[in-house]
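Protein chains in written order, with UniProt numbering: chain A, 1 to 415; chain B, 1 to 415.
Backbone N, C-alpha and C fix where the C-beta goes; we use that ideal spot for every residue, glycine too.
Written out below as structure tokens is the structure these notes cover.
2 protein chains.
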Amino acid sequence: MPDAPNLLYAQSGGVTSVINATAWGVATAAAASPKVGRVYAGRNGILGVLAEELIDVTAEDKREIAKLRHTPGGAFGSCRLKLTDPAKDSRSFERIAEVFKAHRIGYFLYNGGNDSQDTTNKVAEFCRARGVDVRCVGIPKTVDNDLAATDCCPGFGSVAKYVAATVAETALDVESMARTSTKLFILEVMGRHAGWIAAAGGLPYPAAGPVILALPEVPHKRFFAAVKAKIAKHGYCVVVASEGLADAKGRHLSERGTKDSFAHAQLGGVAAVLAERAKAKLGVKYHWALADYMQRAARHLSSQVDLDQAAKVGQAAVAYATAGKTQVMPAIVRTSDRPYRWTVKPVPLQEVANKERKLPKGYVTADGYYITAACRRYLQPLIAGEAPQPYRDGLPVHARLRRRAVRKKLPAFRV
Amino acid sequence: MPDAPNLLYAQSGGVTSVINATAWGVATAAAASPKVGRVYAGRNGILGVLAEELIDVTAEDKREIAKLRHTPGGAFGSCRLKLTDPAKDSRSFERIAEVFKAHRIGYFLYNGGNDSQDTTNKVAEFCRARGVDVRCVGIPKTVDNDLAATDCCPGFGSVAKYVAATVAETALDVESMARTSTKLFILEVMGRHAGWIAAAGGLPYPAAGPVILALPEVPHKRFFAAVKAKIAKHGYCVVVASEGLADAKGRHLSERGTKDSFAHAQLGGVAAVLAERAKAKLGVKYHWALADYMQRAARHLSSQVDLDQAAKVGQAAVAYATAGKTQVMPAIVRTSDRPYRWTVKPVPLQEVANKERKLPKGYVTADGYYITAACRRYLQPLIAGEAPQPYRDGLPVHARLRRRAVRKKLPAFRV
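Written out as structure tokens, the structure is:
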């Protein structure tokens, strides 16, 4: 509707294989709402909002918007940028409020992890204090599955499925060669402080099987003994190691010494460290793999449940904002394990912001190296279903957006 | 047929996502042939033949045999074991001939790479010299695509598809974050001396796109300049690096100093070396991934063409052997690029044994960092089609064989 306020959507932080399904949910729900004028997106997330670099989503070809459901990455660009505390330096928040006013933004939807939910909350508080009338809704997204107040996080189920399937496949490879070749295979997966992704590697096999999970929540005093026991029993061992593994002093096993813009240490290389130590202690031939971006970009193996939830939180965010709700996030509520049933409900952003949900104690076996039946009951539904991926000439078909820039109305701003 | 000679099949060397489709082709074609008695498989390849550890394939449940078409790894076990030259030490060959006689083996089908084709040839020569009547047929298999005398190698098309799809997906991820985060992403793939797998990473983008291929056939004098130019143009760069990259002196960039049983250096870690050097030279934030076994076990993303060819060479090997042919290998012959058409024909094992087919010069662009149109025309058909993968509870369904041991008839043998 031409006179209705416009909606601004932005993607934040590390992208996932289904964050664009959320963008699709937002774009199509907003297009269908008489309470929304045009739909804009921040180019490279909040950076584009600050720089007044907005993309006109309403001008995109509807067929390309439909393809967002099977396109990984962040179609409008994302960024890692932590805003300064407005109590100390409010210039960024003032700029955001100006951009909102200049472009008649009535709805701000910010799609990210716990840092981003905090940002959304602060933007909402700031706008309210300045009398800028904008509904601010956070939308959950993180492969790490560590957001509070939601049963799970869109993006996680697909990584979980990728890791579980990869363990199932690579374990068969290792098993078939172990007699004369590799006896230890280590797959390093994401998960800075929480072992949710590594936990999914436990789904294909029972605890008595050839797989060990190295979780960041657990001290690893008997790790090599556990590996040795698996090799003795099965002839080989597959380890799923979280990148966030720490030593007894809490130092990450493989810090590179570099920090990202959130002051988090940049990780990667835990598998190499564990493999070398295992070789020194046990004398076994090893291989290791580092899934890195492959795991969170692997839309070709996304979970249908995850895809559905990613789309739904986008649609729900539009519904909440246009119903007048603000400072909320659509959370996923599980109503049944088997059959799996879920719904969404709005939760206050304060309940989500800056919290971190780790694997509960009851999800890890007593020895620390596997998942319990309760964890399996939690994880299994999240990897269910194979989300369709169209292919052309053997390659996945992805959306290619025009990303037409909205005309600027303000003076430049130095971010 | 009860009185007909038995058939012995063995898997050799690194496994692939479709080598079990070849096993399916062998098992079903042999079961249908009146010229074949029982079908046996060596447990862990030639090692099982030497140890007289044979698996009774005929006793397997036919439904599980059917699942071999969507099961990665080597269902009967494989091994890395180079037999001594029979001219110097013929004990292994004498043992193999004894096992053949004891189990009435009339057909020996050996499924592997160029080392294995050489072994098959030597077994055939040895048996002929000793008057042991066995048809020996090699069956091609290698993700490296480096076998001579065949247009392509079963196993390669699926890895090529996996690498190409992974580049398409991860490039979108990197593109969306590059403004504030990773600008260089390096994906390390297999390929000891030949860059066929890395070349497949060029399929999703044109040469002017954000991707660079680091091939072992090419000297890398201007690599970092090429990366810098891509980042300047696109804001980011994706490098597909072959594990076999060597420096100007021919030393592999990342030898670990360990050797496998074929006296090949164990590789892995090229991506880390390149990334650290790029950071030092260009100061860019990087990420890297090591696909390792993931790429060759990823049956969930196998190419239908590759799967068809893997099954066909298994069937053809049975047809050749039962027609009296020996010392041959079914080679894939391409009869048309577009539409892609292929057939199989028998080629003498001498034409295959111990040769290594590298990327032709005409397949690499003048600057050394991309594939030409001719290479694209060669590769594209090999990744075509998505081979169906059944799932249950969100996980791929794989065959689980009984692997019933055939009763031993000979004294033990020390391998």
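For the pair the stretch 139–156 of chain B and the stretch 340–352 of chain B, tell me if three or more CB-CB distances fall below 8 Å.
Touching, per the Cβ criterion.
Measure the Cβ-Cβ separation of residue 224/A and residue 214/A and say whether it is below 8 Å.
To locate residue 224/A, count along the first sequence from 1; it is residue 224. To locate residue 214/A, count along the first sequence from 1; it is residue 214. The answer is no: Cβ separation not under 8 Å.
Secondary structure, beta strand (DSSP E): runs of 3+ residues fully inside the stretch 149–235 of chain A
As far as the stretch 149–235 of chain A is concerned, its whole beta strand (DSSP E) runs of at least 3 residues are 184–189 and 211–214.
Same chain, Cβ closer than 6 Å to residue 235/A, five either side skipped, listed in chain order:
Within the first sequence, the letter at position 235 stands for residue 235/A. Taken in chain order, the residues that qualify are 178.
Burial state of residue 74/B, where buried means 16 or more other Cβ atoms lie within 10 Å:
Taking the first residue of the second sequence as 1, we reach residue 74/B at position 74. Buried, because 16 or more other Cβ atoms sit within 10 Å of the Cβ of residue 74/B.
Considering only C-alpha positions, which residue in the set 333/A, 194/A and 210/A is nearest to residue 173/A?
Position 173 of the first sequence, counted from the start, is the residue given in the question as residue 173/A. Measuring from the Cα of residue 173/A, the nearest candidate turns out to be 210/A.
Residues bridged to residue 56/A [DSSP beta-bridge criterion]
Here residue 56/A corresponds to residue number 56 of the first sequence, with the count starting at 1. Among the bridge pairs identified by DSSP, residue 56/A is matched with 40/A.
Minimum length 3: unbroken beta strand (DSSP E) runs contained in the stretch 48–93 of chain A
Counting only runs of 3 or more, we get 54–56.
Taking 8 Å as the CB-CB cut-off, is residue 190/A touching chain B?
Taking the first sequence and counting its residues from 1, the one referred to as residue 190/A is at position 190. No, because no Cβ of chain B sits closer than 8 Å to the Cβ of residue 190/A.
Decide if the stretch 158–168 of chain B is in contact with the stretch 386–396 of chain A; the criterion is three or more beta carbon pairs, one per stretch, under 8 Å apart.
With the rule of 3 Cβ pairs closer than 8 Å, the stretch 158–168 of chain B counts as touching the stretch 386–396 of chain A.
Anyone know if the C-beta pair for residue 352/A and residue 138/A falls short of 8 Å?
Taking the first sequence and counting its residues from 1, one reaches residue 352/A at position 352. Taking the first sequence and counting its residues from 1, one reaches residue 138/A at position 138. Between residue 352/A and residue 138/A, the gap from beta carbon to beta carbon is short of 8 Å.
Along the chain, where does the beta strand (DSSP E) that runs through residue 286/A open and close?
The sequence position of residue 286/A within the first sequence is 286, counting from 1. Residue 286/A -> beta strand (DSSP E) spans 286–290.
Residues in the stretch 26–55 of chain B having any Cβ partner in chain A nearer than 8 Å:
Those would be 44 and 47, in chain order.
How would you list, in chain order, the residues of chain B whose beta-carbon sits under 9 Å from the beta-carbon of residue 156/A?
Walking along the first sequence from the start, residue 156/A turns up at place 156. Ordered by position in chain B, no residue passes the 9 Å Cβ test against residue 156/A, which lies about 13 Å from the chain.
Checking 8 Å against the spacing of the C-beta atoms, do residue 168/B and residue 398/A come in under that value?
Position 168 of the second sequence holds residue 168/B. Position 398 of the first sequence holds residue 398/A. Contact flag set, yes.
Residues within the stretch 57–84 of chain A neighbouring chain B, beta-carbon criterion of under 9 Å:
Listed in sequence order: 71, 72, 73, 74, 75, 76, 77, 78, 79, 80 and 81.
Can you have a look at residue 307/B and say buried or exposed, based on whether 16 or more other CB atoms are within 10 angstroms of its CB?
Mapped onto the second sequence, residue 307/B falls at position 307. It is buried - the Cβ of residue 307/B has at least 16 other Cβ atoms within 10 Å.
Name, please, each residue of chain B whose Cβ falls closer than 8 Å to the Cβ of residue 380/A.
Stepping through the first sequence from its first residue, residue 380/A is reached at position 380. Within chain B, the residues near residue 380/A are 393 and 394.
Between the Cα of residue 327/A and those of 11/A, 9/A, 108/A and 48/A, spot the shortest distance and give me the residue it belongs to.
Position 327 of the first sequence, counted from the first residue, corresponds to residue 327/A. Cα-wise, what sits closest to residue 327/A is 108/A.
If you draw a straight line from the C-alpha of residue 375/A to the C-alpha of residue 285/B, how long is it?
Against the first sequence, residue 375/A aligns to sequence position 375. Against the second sequence, residue 285/B aligns to sequence position 285. A straight line joining the alpha-carbon of residue 375/A with that of residue 285/B spans about 36 Å.
Anything in chain B within Cβ reach of residue 161/A, meaning under 9 Å, just list it in chain order.
As a first step, residue 161/A is located in the first sequence; it is residue number 161 there, counting from the start. Here the neighbours are 394 and 395.
Cα separation between residue 110/A and residue 136/A?
Taking the first residue of the first sequence as position 1, residue 110/A is located at position 110. Taking the first residue of the first sequence as position 1, residue 136/A is located at position 136. For residue 110/A and residue 136/A, the distance between alpha carbons rounds to 8 Å.
Does DSSP put residue 362/B in a helix, a strand or coil?
Mapped onto the second sequence, residue 362/B falls at position 362. Residue 362/B sits in a helix when the DSSP states are folded into three classes.
Would you please verify whether the beta carbon of residue 164/A is less than 8 Å from any beta carbon of chain B?
As a first step, residue 164/A must be located in the first sequence, where it is residue number 164. It does; some Cβ of chain B falls within 8 Å.
According to DSSP, residue 369/A sits in a beta bridge with which residue or residues?
In the first sequence, counting from the first residue as 1, residue 369/A sits at position 369. DSSP lists no partner for residue 369/A.
Any C-beta of chain B sitting closer than 8 Å to the C-beta of residue 243/A?
One-based indexing of the first sequence puts residue 243/A at position 243. The Cβ of residue 243/A sits no closer than 8 Å to any Cβ of chain B.
Are the Cβ atoms of residue 282/A and residue 241/A separated by less than 8 Å?
Counting from 1 along the first sequence, the entry for residue 282/A is found at position 282. Counting from 1 along the first sequence, the entry for residue 241/A is found at position 241. No, Cβ-Cβ distance for residue 282/A and residue 241/A is not below 8 Å.
Can you list, in chain order, the residues of its chain with a C-beta nearer than 6 Å to that of residue 257/A? Leave out the 5 residues immediately preceding and following it.
Looking up residue 257/A in the first sequence gives position 257. Bear in mind that the predicted position of residue 257/A carries a pLDDT of just 43, short of 50, making it unreliable; the figure below should be weighed with that in mind. Counting only residues of its own chain and dropping the five nearest sequence neighbours on each side, residue 257/A has no CB closer than 6 Å to any other CB.
For residue 101/B and residue 271/B, the rounded distance between their alpha carbons:
Here the question's residue 271/B lines up with position 271 in the second sequence. Here the question's residue 101/B lines up with position 101 in the second sequence. Approximately 49 Å between the Cα atoms of the pair.
Rounded to the nearest angstrom, how far is the Cβ of residue 55/B from that of residue 404/B, given a contact under 8 Å?
Taking the second sequence and counting its residues from 1, the one referred to as residue 55/B is at position 55. Taking the second sequence and counting its residues from 1, the one referred to as residue 404/B is at position 404. So it is a contact: roughly 7 Å between Cβ atoms.
Run through the DSSP bridge pairs and tell me what residue 100/B is partnered with.
Along the second sequence, read from residue 1 onward, the residue named residue 100/B stands at position 100. The partner list for residue 100/B (beta bridge, DSSP) is empty, contrary to what the question assumes.
Please list, in chain order, all residues of the same chain as residue 291/B whose beta carbon is under 8 Å from its beta carbon, the five residues on each side excluded.
Along the second sequence, read from residue 1 onward, the residue named residue 291/B stands at position 291. The answer, listed in chain order, is 162, 163, 166, 187, 188, 189 and 190.
Could you confirm whether any beta carbon from chain A is found closer than 8 Å to the beta carbon of residue 273/B?
Taking the first residue of the second sequence as position 1, residue 273/B is located at position 273. Chain A, which has no Cβ nearer than 8 Å to the Cβ of residue 273/B, makes this no.
Close-in-space but distant-in-sequence residues of the same chain around residue 289/A (CB under 6 Å, 5 per side omitted)
Looking up residue 289/A in the first sequence gives position 289. The answer, listed in chain order, is 187.
Contact set for residue 202/A: own chain, Cβ-Cβ below 6 Å, skip 5 residues either direction:
For the purposes of this step, residue 202/A is identified with residue 202 of the first sequence, where counting begins at 1. Taken in chain order, the residues that qualify are 213, 370 and 371.
Among 37/B, 65/B and 53/B, nearest to residue 311/B - alpha-carbon criterion
For the purposes of this step, residue 311/B is identified with residue 311 of the second sequence, where counting begins at 1. Comparing C-alpha distances from residue 311/B to each of 37/B, 65/B and 53/B shows the shortest one belongs to 65/B.
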